[in-house]
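Student: Next up is a structure, given as structure tokens.
In structure tokens:
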């Protein structure tokens with residue numbers, strides 16, 4: 042995971058639960074990349090095997106939370122099955 046320009050973004054994402062609901066996406070290590078350049082935030086979430094459907098909903102939720110943060114005008118979100 043890249044270091045975010047604003048740690049508040051990670052704190053905001055910790056409100057998003059994993060597909061199983063057993064924890065948040067940050068603590069579960071599903072945030073592959075999170076970066077900010079000016080008013081644009083880029084987010085890539087790792088998709089656990091077999092969770093493609095639920096992760097689409099989770100990505101939309103994460104994008105909405107990031108878009109609501111102060112100073113954020115645009116959010117670019119993506120999913121990846123790539124394993125580090």
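Numbering (this note's numbering), first residue to last: 42 to 125.
Even for Gly, the Cβ is constructed at its ideal location relative to N, Cα and C.
1) Helix, strand or coil: how does DSSP classify residue 119 here?
2) Which residues does DSSP list as the beta-bridge partners of residue 98?
3) What residue range is occupied by the uninterrupted alpha helix (DSSP H) comprising residue 50?
4) Given a cut-off of 8 Å, decide if residue 82 and residue 107 are closer than it, judged by their beta-carbon atoms.
5) Start and end of the beta strand (DSSP E) containing residue 92?
Tutor: On the basis of the coordinates in this document:
1) strand
2) Answer by DSSP bridge pairing: none, since residue 98 is not bridged.
3) 48-54
4) yes
5) Here residue 92 belongs to no beta strand (DSSP E), and DSSP marks it neither H nor E.
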